[in-house]
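Data block below; observations after.
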Amino acid sequence: MANPQSLTYYAPAGKPMAGGRFLYPHAVLDLIAAAPENSWIQLNTNTFQEAWSPADSRWISGNNSAEGPDAIMRSWASIGWDSKRSRAVLWGGGHANSWANEVYTWSAYTRKWAHAFYCTDMLTAIGRPVDGNNSPVSSHTYANNFYLPILDRFFTGGGANQPGGTTMSVWDGNTTVGYAGGFTLDLALAGQGFVGGLTGSNCKHGSLSGHDFPGARAWKLRNFCDGRLAVLPSTVNPSKIESGVAHAVENGHDVLYMVILSCVFRVEFVDDDPDNDVITQVAGYDPSRYTNGAVAYDPLRKLFVMPTGDTTSRRLNFIDLKKVPNLSAAWPYVVSYPSELALGYLGSNGHHKYCGFAYYPAGECFVYWYKGRQPWLIHPPEGNPTPSTGWTLTRPTMDAGTSAPPEIETDAMGVCGKFRYAEDLGCCIAIRGDYAGNVWALKLAGWTDPRS
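Mapping the sequence shown onto my numbering, position 50 (from 1) lands on 38, and the numbers just tick up by one.
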């Protein structure tokens, strides 16, 4: 564990830190500022693999070898972007892919991947962490990881968990007593030799046999599925967030809009006490809108938007939150994807759920991207309520003289939850590659330097 007195503090260039600590130039913003508009900038200077935890601290799989953290990156993992510290927080794994619930970060200050918290050991016979409700079970997160800037916590809603593909659960001893809506994570002790939950709950093999890592007690259960969810029809039992979440700041609090079994809920994080979370349903049950894909929120028009479908059924589903919700009505949708976007642009299985989707404030539009140089921009029409006609999709002319993510990627699950807007950089951030973890910034027209 690091000596707290030896910790390094960083600040953006030209911005002194409180307490008189030294400046550290924000090289990433310098790179972005120097790049042309409508271009990509690769940011990482090490690979994800170079930051992996020691093999003896990882989960041992059935063939008696340590699981590789590549499965954490590959298996429907997603990131939360911490705009206060210019860093991505990665957590994932899950269903039939990985038991490992360890945490990784990438920092725009150091431009490097780093290990944040060690993996929790598991009671595989019952599928729960050895420290019970103090750690989450490794899960496919799709696009529901996010960073809550007001609460200053990373959030995960989990998803299809390891091993059975059901969901994270609330435990009473070794008995499941209900579904776990999600967990928040305090990263104050990240990178200092801690396991995320309780002391001694870490995996211990080989050179680390019998070695108890100190517990950060960083995870906190936030149980949305405890009877506070009103769902239509009543026969539907909400279990996991199998899609994305979109963030807003309302009433001075973090708010997440999330899809839980094709219903949309608003969760307001009042404070660090999960019992004070305010949960409201804002859209009814609509199985035709089911997807594992990303979602985004336009705070100007108060639109919650989710692309769905495949090469034959292409839709932009949206909920206009300016209106009083009709919980018994289907969501409106826009059938306006051009065939080029459907046939030549989607993920490896031809589904929109493999693509990245985010809101870009400077352009007042949504950004849609899967691979290569070319993103798409989606502009909603004006009107109150927002109409389902008049939406436009455009391709910005990208700078061809700079590098860009490759057209062919080996990470078969795409960028569903690894494409986020970073407010502190003014760019969308994309992460590609199970081992490389290449971090790219997408600088679009209208970019302004956040330091100015």
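In this text, a Cβ means the ideal position worked out from N, Cα and C, and glycines have one as well.
Alpha-carbon spacing of residue i relative to residue j, whole angstroms
i: G145; j: G170; result: 4 Å
i: A424; j: T35; result: 5 Å
i: P221; j: S391; result: Only weak support exists for where P221 lies, its pLDDT of 49 falling under 50; the coordinates are left without a value.
i: N122; j: S189; result: 10 Å
i: T155; j: R116; result: 11 Å
i: C501; j: G161; result: For residue 501 there is no data in the structure shown, the boundaries of the chain being -11 and 440.
i: E38; j: A178; result: 17 Å
i: N211; j: A65; result: 21 Å
i: G56; j: Y106; result: 13 Å
i: T112; j: S197; result: 19 Å
i: G272; j: W47; result: 40 Å
i: N305; j: F257; result: 25 Å
i: G414; j: G281; result: 23 Å
i: M401; j: N32; result: 21 Å
i: Y130; j: V237; result: 22 Å
i: L11; j: V91; result: Residue confidence is low: L11 scores 37 on pLDDT, short of 50, so the model does not pin down where it sits. Its coordinate-derived value is still stated next. One C-alpha to the other measures close to 27 Å.
i: L17; j: P438; result: 8 Å
i: L315; j: E395; result: 41 Å
i: D265; j: P313; result: 20 Å
i: F253; j: L244; result: 8 Å
i: T268; j: H199; result: 45 Å
i: T442; j: A22; result: A question about residue 442 goes unanswered here, because the residues of the chain that appear run from -11 up to 440.
i: W40; j: G371; result: 49 Å
i: A168; j: V125; result: 10 Å
i: Q362; j: K290; result: 27 Å
Sheet register partners of residue i (DSSP bridge)
i: G166; result: V158
i: A76; result: W69, W94
i: Q30; result: W428
i: Y321; result: N305
i: A206; result: A206 is not bridged to any residue.
i: N149; result: S127
i: A102; result: T93
i: Y348; result: C353
i: Q362; result: Answer is none; Q362 lacks a bridge partner.
i: E411; result: DSSP output for E411 lists no bridge partner at all.
i: G194; result: In DSSP, G194 forms no bridge with anything.
i: L111; result: R116
i: G405; result: S66
i: T377; result: T377 is not bridged to any residue.
i: W86; result: Per the sequence shown, the amino acid found at residue 86 is Ser instead of Trp. Partner(s): G82.
i: Y135; result: F142
Neighbourhood of residue i by C-beta, 7 Å cutoff - its chain only, sequence neighbours within 5 removed
i: S195; result: D44
i: Y409; result: A346, Y347, Y348, C416
i: T385; result: N26
i: P393; result: W28, K359, G360, A418, R420, W428
i: L288; result: E352
i: T223; result: Below a pLDDT of 50, predicted positions are generally treated as unreliable, and T223, at 48, falls in that range; the measurement from the model is reported next regardless. Around T223: no qualifying Cβ.
i: D260; result: L139
i: I20; result: I29, L413, C415, A429, K431
Cβ pair residue i, residue j closer than 8 Å
i: W379; j: V322; result: yes
i: D119; j: R141; result: no
i: R75; j: W101; result: no
i: H241; j: I138; result: yes
i: N132; j: G82; result: no
i: A206; j: D274; result: no
i: S86; j: A54; result: no
i: I229; j: V247; result: yes
i: H128; j: S63; result: yes
i: K311; j: P373; result: yes
i: P262; j: K192; result: no
i: M61; j: D422; result: yes
i: P295; j: C251; result: no
i: P42; j: D387; result: no
i: S231; j: T279; result: yes
Residues of its chain near residue i, where Cβ-Cβ distance is below 6 Å and the 5 sequence neighbours each way are ignored
i: F134; result: G68, F143, V233, H235
i: A15; result: none
i: A284; result: A234, V293, F345, A346, Y347, F354
i: A350; result: G434
i: D286; result: Y347
i: D412; result: S71, S74, P438
i: P375; result: P369
Chain-order list of residues whose beta-carbon lies under 8 Å from that of residue i (same chain, five-residue window excluded)
i: A84; result: Q150, P151, G153
i: T377; result: V322, P369
i: W364; result: L329, Y333, V355, Y356, W357, L381, T382, R383
i: P202; result: M(-11), G181, F182, V183, T187
i: N239; result: E256
_Three CB pairs or more closer than 8 Å across the region 182 to 195 and the region 130 to 145_ = no
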